Amino acid sequence: MKLWLDANIEAHDFISADYWKDNYNQVENMLPEAEIYVYENEGRIEGFTGLTGDYIAGIFVRKECRSKGVGKSLLDHVKKNRSRLVLQVYKKNLRAEKFYEREGFCTVKEQMEEGTGQQEIIMEWIQ
757 MKLWLDANIE AHDFISADYW KDNYNQVENM LPEAEIYVYE NEGRIEGFTG LTGDYIAGIF
817 VRKECRSKGV GKSLLDHVKK NRSRLVLQVY KKNLRAEKFY EREGFCTVKE QMEEGTGQQE
877 IIMEWIQ
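Remember, the working numbering sits 756 above the position in the sequence shown when you count from 1.
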């Protein structure tokens, strides 16, 4: 959960850290219901992704491990067992949007995310 919190605060500087802190317990309670994949290196968790069905709830990578293939490895692993994936990314999170576009995701629509008041992009990958 510390990785989830840190990654969200770092990647979303346009959203108050309090938003993520306020949602911490809710996410912690939802984790056991999700399908979780962990990227581990020498006994240390460097990243993880959580799925509910074909929905990617997020890919969370330690700051010092970003842009080193951790997120791509997690996504590649998830793609092996799916023919379709869907996710949401904040429009202001250009780095994440570009990453998903490089990995074959296409924008399906844009909408306002009520909890943050931020525009988000719904993206989809089809094998």
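Yeah, the Cβ is synthetic: ideal placement off N, Cα and C, and Gly gets one too. Treat the numbers as computed from the prediction; the structure is a model and nothing was measured.
| query | Can we say the region 807–818 touches the region 762–777, given the rule of at least three CB pairs closer than 8 angstroms? | reply | yes
| said: If I measure Cβ to Cβ from L807 and keep anything under 7 angstroms in the same chain, skipping five residues before and after, which residues do I get? | reply: Counting from one through the sequence shown, the residue named residue 807 turns up at place 51. The residues are A790, E791, A813 and V834.
| field | L759 versus T805: straight-line alpha-carbon distance, rounded | value | Here residue 759 refers to the residue found at position 3 of the sequence shown. Here residue 805 refers to the residue found at position 49 of the sequence shown. Cα-Cα distance, rounded: 11 angstroms.
| said: Going by DSSP in three states, G809 sits in which element: helix, strand or coil? | reply: As a working note, residue 809 is residue 53 in the sequence shown. In this structure, G809 counts as coil in the three-state DSSP scheme.
| task | Check the DSSP bridge columns for N797 and list the partner residues they point to. | result | As a working mapping, residue 797 is identified with position 41 in the sequence shown. According to DSSP, which records beta bridges pairwise, N797 is partnered with R800.
| query | Given that a residue counts as buried once 16 or more other Cβ atoms are within 10 Å of its Cβ, and exposed if not, what is E741? | reply | Given a span of 757 to 883 for the chain in the structure shown, any question on residue 741 remains unanswerable.
| request: Can you check DSSP and say which residues form a bridge with G873? | output: Numbered from its first residue, the sequence shown carries residue 873 at position 117. Partner(s): none; G873 has no beta bridge.
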